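Undergrad: Got a structure for you, written out below as structure tokens; questions coming shortly.
Residue numbers (the working numbering), protein chains in the order written: chain A, 48 to 427; chain X, 93 to 358.
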């Protein structure tokens, strides 16, 4: 049996070594109708998988910095720039399609640029709504059903109810296992470092789902049941958009932090809710994707000032929260500005960091910010 | 008597402060940083020992802080400059609630509560706008020493405005002012205003700073023209300790001493 240490090392390789990732994906591509890449948590991967395609969440390319693509509108976020750079240099050639979300200006500009300058593989935009009320859910269910029809046309596989149920079940299993992982890490800080947990969760967005569920199940089943909380470690929650830079997170741990929880796209926001398996499946998927969150790109009723968030903070026994934003990600900056004040009123120490997506090196001043923050963070 | 040493290995200068059990400074030393931070710190340490009556064996702890703190091989512990400055500033003036440090490569604004605990801090971003380096580079293009900036700015008779706080762009702007025959005193005042504007921006990002006094730390605080300008921009009095450039080193020494006392009490 593969050890946890070995699994984590493999996950890190998948994230940070594009060549290794590409080899893995090219190998796996044979078994599917093709690989469909997507850029956001709003793209229902169950539908892609049920249609016989391989859903792949596209993350950082982690390649040495390339010259800025001149054709890309400058104020797009560093994630879009990084992806554009990877796509225009052929780094995403294993994809047969890409799906863009309708989540922010950066993504909309990126989708337009893809059409004009990259043009391969073909792209589509999934027009998800920005509300989570019943009308929005109904509308999104129709969008998803049309998307399923498009995939049927593209690949020839009809998405039957049985097939969709099976796929939903597989993806729900991942979510349940990830939630168990969070529960274990909440009570025991010796089990898995936060940077390792993020690497494990991020690799799940790349790996074949059956393989992933199997390794996740193995790790979770080995998890300790006893409580262990080292009072010397500062218990930190990270917040922000996609955060796949586990090396950056390991700096927080180096300075005495324990990342006990997150509110990031590839973390708790990915697995917080299951898709209901009874009733109208398209509507269930729409509901799950729109009510998961709260995301800054959605006009959700869920607020950080909600009692549930306060209860989570208490449950986690937090010392502080670190917002890690990708440069020029406007929705998350706005979210931070609104939420930081609320958190400070709750007497929670908050630090904001802005990093360049896909950049491996950690800026010296960010290290100082992290170290200083961990010196002052604490339960008052 | 036992002594504790604080080392602030800054990006421009190495500052050392030796304190006694009553937190009184008994010796201090400052030198320009060389390429080898550890060697510079050792040189400063040796000078301090040679010029003070304190025996090396009576120094029972060394705490390093500052940008080069992790390069100091002969210290017992390290802390960040945020903590060191807050401890140093608060010890010097316990009614202080905001500590501003204009360092060689970055500027910091730190908010402390009534017990001196840091409640928030901000630092400038990547470029050298609003830092000591900005003054260093621009004073060189004016052909004056950094020590003369304060005195010269007091003789300004017109308020000029630099349109950029970027060190590179500001330098070009200064060159064009010189070419137009503008008095250097007025240009220097404009430099101080540019830095003050940057600091005020950071100041307003920190919460809990509405009350209490403001202390300016770092060698730049010796520039009375800048202190006057900053005070005007903040519309508040800005305190300057007697030896502002040693605030971080002093704080590091105090921090270590307190830590050792706490350990004994435990």
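Ideal Cβ positions, reconstructed from N, Cα and C, are used throughout, including at glycine. Model, not experiment: these values are computed from the prediction.
Relative to the C-alpha of residue 140 of chain X, which candidate in X/126, X/107, X/205 and X/93 has its C-alpha closest?
TA: Per the Cα distances, X/107.
Undergrad: Are three or more beta carbon pairs between the stretch 206-217 of chain A and the stretch 327-339 of chain A nearer than 8 angstroms?
TA: By the Cβ rule, the stretch 206-217 of chain A counts as touching the stretch 327-339 of chain A, because three or more pairs are nearer than 8 angstroms.
Undergrad: Rounded to whole angstroms, what's the CA-CA distance from residue 430 of chain A to residue 409 of chain A? Just pull it up for me.
TA: Residue 430 of chain A lies beyond the range of chain A shown here (48 to 427); nothing can be said about it.
Undergrad: Would you say the beta carbon of residue 283 of chain X is closer than 7 angstroms to some non-hydrogen atom of the ligand FAD?
TA: Although the ligand FAD was asked about, the structure shown includes no ligands whatsoever.
Undergrad: Less than 8 angstroms between CB atoms is the rule here; does residue 384 of chain A satisfy it with respect to chain X?
TA: Chain X, which has no Cβ nearer than 8 angstroms to the Cβ of residue 384 of chain A, makes this no.
Undergrad: Report yes if the CB atom of residue 253 of chain A is closer than 8 angstroms to the CB atom of residue 103 of chain A, and no otherwise.
TA: yes
Undergrad: In the structure shown, what three-state DSSP assignment does residue 271 of chain X receive?
TA: helix
Undergrad: Which ranges does the beta strand (DSSP E) cover as unbroken runs of at least 3 residues, wholly within the stretch 127-195 of chain A, from first to last along the chain?
TA: 144-148 and 170-173
Undergrad: Taking Cβ-Cβ distances below 8 angstroms as the criterion, which residues of the stretch 154-177 of chain X are in contact with chain A?
TA: 159, 171, 172, 173, 174 and 175
Undergrad: Going by the DSSP bridge assignment, what does residue 401 of chain A pair with across the sheet?
TA: A/372
Undergrad: For residue 242 of chain A, report the span of its alpha helix (DSSP H) as first-last.
TA: 241-250
Undergrad: Report, in whole angstroms, the separation of the C-beta atoms of residue 153 of chain X and residue 168 of chain X, which I expect to be a contact under 8 angstroms.
TA: 5 angstroms between Cβ atoms; contact.
Undergrad: List the DSSP bridge partners of residue 394 of chain A.
TA: The partner list for residue 394 of chain A (beta bridge, DSSP) is empty, contrary to what the question assumes.
Undergrad: Whose C-beta lies closer than 6 angstroms to the C-beta of residue 80 of chain A among residues of the same chain, with five residues either side of it excluded?
TA: 99, 100 and 202
Undergrad: Who are the Cβ neighbours of residue 106 of chain A in its own chain at under 8 angstroms, not counting the five residues just before and after it?
TA: Close CB contacts of residue 106 of chain A within its chain, under the 8 angstroms cut and outside five residues either way in sequence, are with 62, 249, 252, 253, 289, 291 and 313 (chain order).
Undergrad: Look up residue 319 of chain X in the DSSP assignment and say whether it is helix, strand or coil.
TA: helix
Undergrad: If residue 203 of chain X and residue 190 of chain X are in contact, beta carbons under 8 angstroms, what's the gap, nearest whole angstrom?
TA: Confirmed, about 6 angstroms.
Undergrad: Is the beta carbon of residue 266 of chain X less than 8 angstroms from the beta carbon of residue 307 of chain X?
TA: no
Undergrad: Tell me the rounded alpha-carbon separation between residue 129 of chain A and residue 135 of chain A.
TA: Within the model, the alpha-carbon separation for residue 129 of chain A versus residue 135 of chain A is close to 10 angstroms.
Undergrad: Could you name the residues of chain X that residue 419 of chain A contacts, counting a contact when the two beta carbons are closer than 7 angstroms?
TA: Those are 172, 174, 175 and 213, listed as they occur along chain X.
Undergrad: For the stretch 66-77 of chain A against the stretch 215-233 of chain A, are there 3 or more C-beta pairs whose distance is under 8 angstroms?
TA: no
Undergrad: Could you give the DSSP three-state label for residue 122 of chain X: helix, strand or coil?
TA: Three-state result, residue 122 of chain X: strand.
Undergrad: Secondary structure at residue 106 of chain A, three-state DSSP: helix, strand or coil?
TA: coil
Undergrad: Do you know whose CA, among X/142, X/329 and X/103, lies nearest residue 124 of chain X's CA?
TA: X/103
Undergrad: Residues of the stretch 239-257 of chain X with a CB closer than 9 angstroms to any CB of chain A: list them in chain order, please.
TA: none
Undergrad: Closer than 6 angstroms by C-beta to residue 204 of chain A: which residues in its own chain qualify, once you throw out the five before and the five after it? Chain order, please.
TA: If the five residues before and after residue 204 of chain A are omitted, its C-beta is found closer than 6 angstroms to the C-beta atoms of 98 and 99, all from its own chain and listed in chain order.
Undergrad: Can you tell which of X/137, X/212 and X/143 has its C-alpha closest to the C-alpha of residue 294 of chain X?
TA: X/212
Undergrad: According to a CB-to-CB cut-off of less than 7 angstroms, which residues of the stretch 276-290 of chain A neighbour chain X?
TA: none
Undergrad: Below 8 angstroms, can you find three or more Cβ-Cβ pairs linking the stretch 238-253 of chain X to the stretch 313-322 of chain X?
TA: yes
Undergrad: Does the CB of residue 179 of chain X have a neighbour CB from chain A at under 8 angstroms?
TA: no
Undergrad: Flag residue 66 of chain A as yes if its beta-carbon sits less than 8 angstroms from any beta-carbon of chain X, otherwise no.
TA: For residue 66 of chain A, the nearest beta carbon of chain X is not closer than 8 angstroms to its own beta carbon.
Undergrad: Can you pull the chain A residues whose beta carbon is under 9 angstroms from the beta carbon of residue 198 of chain X, in chain order?
TA: 412 and 415
Undergrad: For residue 423 of chain A, which residues in chain X fall below 8 angstroms Cβ to Cβ?
TA: 174, 175, 209, 210, 211 and 213
Undergrad: Taking 8 angstroms as the cut-off, decide whether the C-beta atoms of residue 193 of chain X and residue 305 of chain X are in contact.
TA: no
Undergrad: Since residue 291 of chain X and residue 201 of chain X should fall inside the 8 angstroms C-beta cutoff, what is the C-beta to C-beta distance between them, to a whole number of angstroms?
TA: 7 angstroms
Undergrad: With burial defined as no fewer than 16 other Cβ atoms inside 10 Å of the residue's Cβ, what is the status of residue 246 of chain A: buried or exposed?
TA: buried
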